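**Q** Pasting a structure below so you can have a look.
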Amino acid sequence: MLKQFDTNIPNIFTVSDGTGETAISIVRAVRVQFDHADIHIERFNKIRRREMLEEILLNARNKKATVVATLVDPELRIFLISRSMQLGVKVVDVLFPLMETVSEQLGRRPSAIPGLLRQLDEGYFKRISAIEYTVRHDDGIISSDLSEADIILIGVSRTSKTPLSMYLGHKGYKVANIPLVPGIDPPKELEKVDQNKIIALIIDPTRLAEIRVARIEALGTDNIGDYADIEKIFEELEWSREVFKRNKRWPVLDVTGKALEENSVEIEKIILTRFPDLADE
């Protein structure tokens with residue numbers, strides 16, 4: 126009997142003849158843009174034979190999955206595209222369009238060696254370490270190594286702390302984010318770290334109310350309570366501003382109406398001005 130899958134949750138297969146890190150990073154970057162929506166990801170790496178691709182594609186058809194491919198072997202790529210069309214499986218070929226463009230500009234063909242990026246990219250392990258650190262320090266998870274953070278974000282709930290942290294983490298920064306809870310002072314551990322690493326996030330109260338209402342609805346409840354009450358939000362944001370005023374070295378970034386990339390650029394500018402050595406790592 127075939128296993129039943131939740132058809133409301135998108136299925137994505139990442140397929141690579143190397144480590145698969147590139148495909149996974151791309152899928153995660155896209156997922157961040159949808160507020161970490163539920164997406165079921167299955168990873169298939171070191172794919173070197175057509176038979177392996179055939180089995181993956183049949184599985185993808187069964188699960189109605191989209192295949193995100195980073196195959197550098199041209200024969201495997203051609204088989205993947207042609208066979209997926211026969212089976213009606215959607216494939217996103219990540220590397221091929223850019224490789225072809227660069228190939229035309231350079232006037233030569235790519236080496237097509239799986240895993241070459243990992244071998245050449247000196248920042249690979251740094252980024253993996255940063256991502257692992259950022260995940261461990263999401264949403265106020267404090268540990269003894271908070272001082273190792275490159276960036277610490279602080280703000281009330283739903284001010285884009287987690288999406289910004291994950292985005293910056295994938296760029297190689299170790300990021301911790303701390304939620305501010307009305308009436309409760311920031312954790313004492315923050316007093317022990319370099320205050321120049323801390324960036325405060327603020328947002329327009331009306332926009333914050335909209336975001337929180339949408340979040341509540343996504344959870345399948347209509348019990349808004351104080352969490353999305355506009356008057357309570359005004360009070361909460363005013364209280365957070367008072368906290369920020371007591372900490373003069375915390376720059377305050379207004380995230381209202383700006384894209385994730387735009388806010389991350391502003392954060393990077395602040396941090397690299399204060400810690401220029403980070404740009405050289």
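Numbered continuously in the numbering used here, the sequence shown closes out at residue 406.
Backbone N, C-alpha and C fix where the C-beta goes; we use that ideal spot for every residue, glycine too.
Bear in mind the structure is a predicted one, so any value in this text is a computation, not a measurement.
(1) Looking only at its chain, what residues have a beta carbon closer than 6 Å to the beta carbon of Ala334, apart from the 5 residues adjacent to it on each side?
(2) Can you give me the Cβ contacts of Leu403 inside the same chain, cut-off strictly under 7 Å, excluding the 5 residues immediately before and after it?
(3) For Phe369, is the classification buried or exposed, using 16 other Cβ atoms within 10 angstroms of its Cβ as the cut-off for buried?
(4) Unbroken beta strand (DSSP E) runs of length 3 or more, entirely within the region 176-262: which are they?
(5) So for Asp110, helix, strand or coil by DSSP?
(6) Taking DSSP's pairing of strands, which residues face Glu146 in a bridge?
(7) Take Val306 and list the residues in its own chain whose beta-carbon comes closer than 7 Å to its own, dropping the five residues that flank it on each side.
(8) In the DSSP assignment, find the unbroken alpha helix (DSSP H) run with Phe369 in it and report its ends.
(9) Could you round the C-beta distance between Leu182 and Ser207 to whole angstroms and report it? I think they count as a contact, below 8 Å.
(10) When the distance is taken between beta carbons, is Val193 closer than 8 Å to Val157?
(11) In its own chain, which residues sit with a C-beta less than 8 Å from the C-beta of Val219, not counting the 5 before and 5 after it?
(12) According to the Cβ coordinates, are Leu378 and Tyr292 closer than 8 Å?
(13) If you follow the alpha helix (DSSP H) that Ala334 is in, where does it begin and where does it stop?
(14) My understanding is that Lys286 touches Gly294, with C-beta atoms under 8 Å, so please give their C-beta distance in whole angstroms.
(15) Return the residue from the list Val214, Gly213 and Leu205 that minimises the CA-CA distance to Phe221.
**A** The relevant details are as follows:
(1) Ala353, Ile355 and Ile358
(2) Only residues of its own chain outside the window of five on either side were considered, and among them Asp275, Ile396 and Leu397 have a CB closer than 7 Å to the CB of Leu403, listed in chain order.
(3) buried
(4) 191-195 and 216-218
(5) For the chain, the structure presents residues 126 to 406; residue 110 sits outside this window and is missing.
(6) DSSP output for Glu146 lists no bridge partner at all.
(7) none
(8) Ile355 to Lys370
(9) With a Cβ gap of about 11 Å, Leu182 and Ser207 do not count as contacting.
(10) no
(11) If we look at Val219 and ignore the five residues flanking it on each side, its Cβ neighbours are Thr147, Ala148, Ile151, Val193, Ala194 and Thr195.
(12) no
(13) Pro330 to Ala343
(14) About 12 Å separates the beta carbon of Lys286 from that of Gly294, a gap too long to meet the 8 Å contact definition.
(15) Leu205
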